[in-house]
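Working notes, beginning with the structure itself.
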Amino acid sequence: MSEHIHKSHNKSLLLYHLVCPIRYRRKVLSEEVSETLREVCLEISHRYEAHFLEIGCDEDHVHFLIQSVPMLSPQKIVNTIKSITGREIFRLHPEVKRFLWGGKFWTSGYYINTVGQYANEEVIKKYVQGQGKGQEYQKIHKSQLKLF
82 MSEHIHKSHN KSLLLYHLVC PIRYRRKVLS EEVSETLREV CLEISHRYEA HFLEIGCDED
142 HVHFLIQSVP MLSPQKIVNT IKSITGREIF RLHPEVKRFL WGGKFWTSGY YINTVGQYAN
202 EEVIKKYVQG QGKGQEYQKI HKSQLKLF
């Protein structure tokens, strides 16, 4: 289970599900290449504040469960992961280049979604709507409705 990340002025728990397909959907993720990918991701964790909670490799795409901090945008996380892993896989497994011409390991596209540990969208929506629902809120809200 993920833990909150504490910084000097914030506390966060940001989880992302990221799916990255291999260029041309080539099936190049052998056991050795997958293991290299996992090792490179561990190195990324040490250098950046993006922690890999899970990495699931299929032959032609990879699923990542990542925890990060608010200072790193999802796009920055994706770009960092794709550029470093692609470069290192090509360096350590030159045979992969034979299947992926053009010098790119990943497609330009990806899928990313936030993951809620404590609640889904509907639960949070109801929680936010319920804030300030005391008597004062009801009086103010009703008087504002009459204006429209």
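Residue 82 is where the sequence shown starts when you use the numbering used here, and the numbers rise one by one after that. Beta carbons are placed, not taken as given, at the ideal position from N, Cα and C, and that holds for glycine.
Exercise. With respect to the beta strand (DSSP E) encompassing histidine 174, which residues constitute its N-terminal and C-terminal limits?
Worked result: No beta strand (DSSP E) contains histidine 174, which DSSP labels as neither H nor E.
Exercise. So does the stretch 178-185 actually touch the stretch 146-155, counting three or more Cβ pairs closer than 8 angstroms?
Worked result: no
Exercise. Is phenylalanine 180 buried or exposed, if buried means 16 or more other CB atoms sit within 10 Å of its CB?
Worked result: exposed
Problem set entry | Proximity winner among Lys206, Leu173, Asn160 and Ile86, relative to tyrosine 191 (alpha-carbon distances) | Asn160
Exercise. Name the DSSP bridge partner or partners of cysteine 101?
Worked result: Val143
Problem set entry | At least 3 beta-carbon pairs within less than 8 angstroms: the stretch 161-173 vs the stretch 98-117 | yes
Exercise. Would a C-beta distance cut-off of 9 angstroms place histidine 98 and lysine 92 closer than the cut-off?
Worked result: no
Exercise. Which same chain residues, not among the five before or five after valine 121, have their C-beta less than 6 angstroms away from its C-beta?
Worked result: Thr166 and Glu169
Exercise. Over what stretch of residues does the alpha helix (DSSP H) that includes valine 121 continue unbroken?
Worked result: For valine 121, the enclosing alpha helix (DSSP H) covers residues 112-128.
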